[in-house]
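Student: For the record, in the sequence shown the residue sitting at position 191 is 190 according to numbering that gives the first Met the number 0, with numbers rising by one throughout.
No residue lacks a Cβ here, since even glycine has one placed at the ideal position from N, Cα and C.
None of the values given here were measured: they were computed from a predicted structure.
Shown below is the structure under consideration.
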Amino acid sequence: MSAWLSSLSEADKQALLDPLLAGIDPRAWRPNPGPQAAVVASKATETLFGGAAGGGKSSLLVNLARKYHSALIVRRTYPQLEDSVIPECKKWYGDPKAYNSSKHVWTIRAGHETHRIRLGHMERDDDCYQYQGAEFDFLGIDELTQLNRLPYEYLISRLRTTRRGHACRIVATSNPGGTGHAWVRERWAAWLDERHPRPAQPGELRWYARDAEGREVEVDAGHPDAMSRTFIPAKLSDNPYL
């Protein structure tokens with residue numbers, strides 16, 4: 000059989016493949032087993048996914064975003080969007096007519112629903128205020144340690160929905176280093192700081208809220224203002240395509 004196949008021309012091989020591939024959605028995406036799948040399945044409102052380059056982080060954000068009704072994916076600069084996020088969008092979203100390049104918005108139909116995915120960048124801290132009044136049910140932050148704390152915490156205030164029973168999510172990816180390394184390590188200290196008095200396991204949920212003095216503290220899951228958080232590490236070896 001293999002000898003016969005190798006003797007065929009490329010055109011004949013394609014003619015054999017076409018009926019087999021008919022009806023298969025080329026945009027169908029499945030998370031890699033392990034960390035990518037763990038992020039998809041997590042019930043945390045706020046997830047940090049990272050630790051190494053090449054762990055499939057941009058692909059994960061792009062494909063998670065299209066499952067939500069109003070999503071925002073952010074990188075620090077527009078050239079970084081061009082280098083990583085936009086190519087992933089073109090790869091997985093398909094129809095280039097669905098992209099408004101002047102507004103950096105993808106509009107995708109899913110059954111009877113319309114999903115809008117906005118691409119943004121925040122080179123300066125106060126660029127976050129361009130989203131004042133906006134509402135998103137999914138926020139994807141690619142390379143969080145390149146941002147300072149202010150724009151990230153401001154974006155969290157934009158995470159909301161009027162859809163009953165619909166859970167909003169924020170997923171941030173990261174590699175070590177960058178201008179925001181210290182505050183990101185502090186925010187996820189239970190997972191990242193070996194000196195933490197009550198360390199958390201990868202994927203474990205913890206809940207946080209602000210106290211009367213405005214300081215963020217760990218609280219019980221039943222706290223009325225609690226937001227769940229987790230960290231899931233990523234490694235190059237987790238990505239079978241690299």
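Reducing DSSP to helix, strand and coil, say where Trp105 ends up.
Tutor: Strand, per DSSP.
Student: Let me know the secondary structure DSSP gives Thr144 once reduced to three states.
Tutor: Helix, per DSSP.
Student: Report the start-end ranges of each beta strand (DSSP E) in the segment 28 to 108 that is 3 residues or longer and not cut off at the edges.
Tutor: As far as the segment 28 to 108 is concerned, its whole beta strand (DSSP E) runs of at least 3 residues are 45 to 49, 69 to 74.
Student: Please list, in chain order, all residues of the same chain as Ser57 whose beta carbon is under 8 Å from its beta carbon, the five residues on each side excluded.
Tutor: Once the five neighbours on either side are set aside, the close Cβ partners of Ser57 are Ser83, Val84, Glu87, Asp141, Thr172.
Student: Under the three-state reduction of DSSP, which class applies to Arg201: helix, strand or coil?
Tutor: Residue 201 is actually Pro in this sequence, not Arg. In the structure shown, Pro201 sits in coil (DSSP, three-state: anything other than H, G, I, E or B).
Student: By how many angstroms is the C-alpha of Asn147 removed from the C-alpha of Ala188?
Tutor: Each residue's Cα considered, the two are about 17 Å apart.
Student: For Leu63, count neighbouring Cβ atoms within 10 angstroms of its own Cβ and tell me buried if that reaches 16, exposed if not.
Tutor: Buried, because 16 or more other Cβ atoms sit within 10 Å of the Cβ of Leu63.
Student: Apart from the five residues on each side of it in sequence, which residues of its chain come closer than 6 Å, Cβ to Cβ, to Ile72?
Tutor: Here the set comprises Leu60, Ala64, Val84, Leu118, Gly139.
Student: Measuring alpha carbon to alpha carbon, tell me which residue in Phe135, Asp192, Glu185 is nearest Cys167.
Tutor: Per the Cα distances, Phe135.
Student: Which two residues bound the contiguous alpha helix (DSSP H) that contains Leu191?
Tutor: Element bounds for Leu191: 188 to 191.
Student: Pairs of beta-carbons, one from the segment 150 to 163 and one from the segment 120 to 131, closer than 8 Å: are there three or more?
Tutor: Yes, since at least three Cβ pairs between the segment 150 to 163 and the segment 120 to 131 fall closer than 8 Å, the two stretches touch.
Student: Does the Cβ of Val170 have 16 or more other Cβ atoms within 10 Å, making it buried, or fewer, making it exposed?
Tutor: Per the 10 Å Cβ criterion, buried.
Student: I'd like the span of the beta strand (DSSP E) that includes Ala133, first residue to last.
Tutor: Ala133 -> no beta strand (DSSP E), and no H or E assigned at all.
Student: Glu212 by DSSP, collapsed to three states: which one?
Tutor: The answer is coil: DSSP assigns Glu212 none of H, G, I, E or B.
Student: What are the boundary residues of the beta strand (DSSP E) that includes Leu118?
Tutor: Looking at the DSSP string, the run of the beta strand (DSSP E) that includes Leu118 is 112 to 120.
Student: So is His114 buried or exposed if we call it buried at 16+ other beta carbons inside 10 Å?
Tutor: Its Cβ being crowded by 16 or more others within 10 Å, His114 is buried.
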